[in-house]
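Asks: All residue numbers for the sequence shown refer to full-length UniProt numbering, where the first residue is 1 and numbers rise by one.
Idealized CB from N, CA, C, for every residue including glycine.
In this text the structure is predicted, and so the values were computed from the model without any measurement.
Here it is, the structure in full.
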Amino acid sequence: MQAKKGDAVQVHYTGKLKDGSVFDSSVNREPLGFTLGAGQMIQGFDAAVDGMAVGDKKTVTIPAAEAYGEKRDDMMIDVPIEQVPADIKPEVGMQLTLQGQNGQPMPVIVTHVDEQKITLDANHQLAGKDLIFDIELMKIG
1 MQAKKGDAVQ
11 VHYTGKLKDG
21 SVFDSSVNRE
31 PLGFTLGAGQ
41 MIQGFDAAVD
51 GMAVGDKKTV
61 TIPAAEAYGE
71 KRDDMMIDVP
81 IEQVPADIKP
91 EVGMQLTLQG
101 QNGQPMPVIV
111 THVDEQKITL
121 DANHQLAGKD
131 LIFDIELMKI
141 G
């Protein structure tokens, strides 16, 4: 039996960047469960699992466009320095959390600091990166 759109599946995975660094893995956790083709996973990951049988293993490279997209300039936010809370001393590389329009947390990274403003990058941390996944299909249904 091969996994197809609409199937509930469970996979073990390890996600890596081109330099070999691991950004996430389910290996020491429970397998990741999701419904194939339901938009719960990045597009390229969903497509990679489609057609696999239980016990199948594969390694796939997912281009940025099918993962978290390219970095977007409109996700770079300049904040006047006087609007930065007094208890925050911004430094390049610092991770902060803003409140999104719907009240949801939005993680950002400080990319620039000067006397007038700080620049925050609200792109997903994996945006603009091709991702490599080792995937093993553990269960269908």
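Can you tell me which of G51, V27, T97, Y13 puts its alpha carbon nearest to the alpha carbon of G6?
Replies: Taking the first residue of the sequence shown as position 1, residue 6 is located at position 6. When each option's Cα is compared against that of G6, the closest is G51.
Asks: Using 8 Å for Cβ pairs, my map puts T111 next to P105. What's the rounded Cβ distance?
Replies: Along the sequence shown, one-based indexing puts residue 111 at 111. Along the sequence shown, one-based indexing puts residue 105 at 105. Their Cβ separation, rounded to whole angstroms, is 19 Å, which puts T111 and P105 out of contact at 8 Å.
Asks: Pick out the complete alpha helix (DSSP H) segments inside the UniProt domain "PPIase FKBP-type" (6 to 87), 4 residues or longer, and give them in chain order.
Replies: Runs found: 43 to 49.
Asks: In the DSSP assignment, what are the bridge partners of V110?
Replies: Position 110 of the sequence shown, counting from 1, holds the residue named residue 110. Note: V110 sits in a beta bridge opposite L120.
Asks: Would you grab the beta carbon distance between D121 and V113 for me? Rounded to a whole angstrom, and I think it's under 8 Å.
Replies: Mapped onto the sequence shown, residue 121 falls at position 121. Mapped onto the sequence shown, residue 113 falls at position 113. Actually they do not touch by this definition, with Cβ atoms about 13 Å apart.
Asks: Return the residue from the list P63, D19, A3, V27 that minimises the CA-CA distance to G37.
Replies: Here residue 37 is taken as the residue at index 37 of the sequence shown, counted from 1. Considering only alpha carbons, the answer is A3.
Asks: What are the partner residues of D134, as DSSP defines its beta bridges?
Replies: Walking along the sequence shown from the start, residue 134 turns up at place 134. Note: D134 sits in a beta bridge opposite T14, T59.
Asks: Does the segment 69 to 78 come close enough to the segment 4 to 24 to have 3 or more Cβ pairs within less than 8 Å?
Replies: As far as the Cβ criterion goes, the segment 69 to 78 does not touch the segment 4 to 24, which means the pair count is below three.
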